[in-house]
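Student: I am attaching a structure below and will ask some questions about it afterwards.
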Amino acid sequence: DAGVIQSPRHEVTEMGQEVTLRCKPISGHDYLFWYRQTMMRGLELLIYFNNNVPIDDSGMPEDRFSAKMPNASFSTLKIQPSEPRDSAVYFCASSSLGAGELFFGEGSRLTVL
Amino acid sequence: EDQVTQSPEALRLQEGESSSLNCSYTVSGLRGLFWYRQDPGKGPEFLFTLYSAGEEKEKERLKATLTKKESFLHITAPKPEDSATYLCAVQAQDTGRRALTFGSGTRLQVQP
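Chains A and B are the protein sequences, given in the same order. First residue of the first sequence: 1, per our numbering; consecutive thereafter. First residue of the second sequence: 1001, per our numbering; consecutive thereafter.
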C-alpha cells in the first residue's frame, strides 16, 4: 500500500482565499483523522471520521473550517476564508478498528499571507 | 480533558550517551499510551503501544515503560540516526473518543 496520501504538500495563499486540502487514507482503514501541527500548540485534533461519518469535530476552530468524507477513500478539509493564523502543517491519518496506531501522511504545509 | 506533558523539550546527547525521555499523562481511563517518532518534514511514525502499568516494549535502542501516571522512553547508546522528535500520546477507553491526545514532543539531537 502507498500509505496515506495528502495533497498539496505545500500551499501558499493570500488571506481571504479558499483552501482545500485532500487526503486518501489507507485502503481498509475505517478511521480518518485530521490534525494540525504548529510550534506553539503541537499536534491538535481537528476532526475524525468513522466509516465516513464525522464523530468528533470539537477541535475545528470555527465555522471557517469544514471537513467531508464522501467515501472511504477520500476526505477534504476546507478553510474559507483563510487567515494568517491558519498557517500550519495539516496532517491526515488513518487507522483500523479504532486502534491507536495511526498512519500519518506527510502533511500539507499551509502558509496564509 | 486528557493531558500529556513531555520533558525535556529538547535534549542533546553524544553518540553512545544513554538517556530517558519523560511523558506524564492525565486521562479518564487509559486505553493505550503511544510513542511516535517524527523526522523533519514528515508525519509521525508509530513506535510503541503500552496498555497497562508495568508493561515494557523494546525496539533496537529504544525501550518504553509505563506506570499509572507516566511513561519513559529509554534510549540506550544512541546513534545520530536516532535524532528526531519523539511524541507521546494517549487514547481514552471511552469508545466515543478514539482520537489520540499528543504531547508537544521532545526534540532529540545525537551528535557523533
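Beta carbons are placed, not taken as given, at the ideal position from N, Cα and C, and that holds for glycine. Predicted model only: the values in this text are computed from it and were never measured.
Note down, in chain order, each residue of its chain lying with its Cβ closer than 7 Å to the Cβ of Ser87/A, except the 5 sequence neighbours on either side.
Tutor: Leu110, Thr111, Val112
Student: Check whether chain A comes within 8 Å of Gln1091/B, counting only Cβ atoms and requiring the distance to be less than that.
Tutor: yes
Student: Rounding to the nearest angstrom, what Cα-Cα distance links His10/A and Arg1012/B in this structure?
Tutor: C-alpha of His10/A to C-alpha of Arg1012/B: approximately 30 Å in a straight line.
Student: Which term fits Leu1108/B, buried or exposed, when burial requires 16 or more other beta carbons within 10 angstroms of its beta carbon?
Tutor: By the neighbour-count definition (other C-beta atoms within 10 Å, threshold 16), Leu1108/B is a buried residue.
Student: Ala93/A: which of Glu18/A, Thr20/A, Pro25/A sits nearest, CA to CA?
Tutor: Pro25/A
Student: I want to see whether chain B comes within less than 8 Å of Ser107/A, judged by CB atoms only; does it?
Tutor: According to the sequence shown, residue 107/A is Gly rather than Ser. Yes, because at least one Cβ of chain B sits closer than 8 Å to the Cβ of Gly107/A.
Student: I want to see whether chain A comes within less than 8 Å of Thr1049/B, judged by CB atoms only; does it?
Tutor: yes
Student: Can you find a C-beta in chain B that's less than 8 Å from the C-beta of Phe33/A?
Tutor: yes
Student: In angstroms with no decimal places, state the Cα-to-Cα distance between Phe90/A and Trp34/A.
Tutor: Sequence check: residue 90/A is Tyr here, not Phe. Distance between the alpha carbons of Tyr90/A and Trp34/A is about 7 Å.
Student: So for Glu1081/B, helix, strand or coil by DSSP?
Tutor: helix
Student: Going straight from the alpha carbon of Glu1015/B to that of Ala1084/B, what length do you get?
Tutor: 14 Å
Student: Using the beta-carbon of each residue, which ones in chain A are nearer than 9 Å to Arg1098/B?
Tutor: Tyr31, Phe33, Tyr48, Asn50, Ile55, Asp56, Ser95, Gly98, Ala99, Gly100
Student: Indicate whether Arg1071/B and Leu1033/B have their beta-carbon atoms separated by less than 8 Å.
Tutor: First, the residue type needs correcting, since residue 1071/B is Ser and not Arg in the sequence shown. A contact, by the Cβ cut-off of 8 Å.
Student: Do you know how far the Cα of Arg22/A is from the Cα of Phe74/A?
Tutor: Take the alpha-carbon of Phe74/A and the one of Arg22/A: they are about 7 Å apart.
Student: Helix, strand or coil for Arg64/A? Go by DSSP, reduced to three states.
Tutor: coil
Student: Please list the terminal residues of the continuous beta strand (DSSP E) segment that includes Ser96/A.
Tutor: No beta strand (DSSP E) contains Ser96/A, which DSSP labels as neither H nor E.
Student: Rank Arg85/A, Ser95/A, Gly98/A by C-alpha distance to the C-alpha of Met15/A and give the top, closest one.
Tutor: Arg85/A
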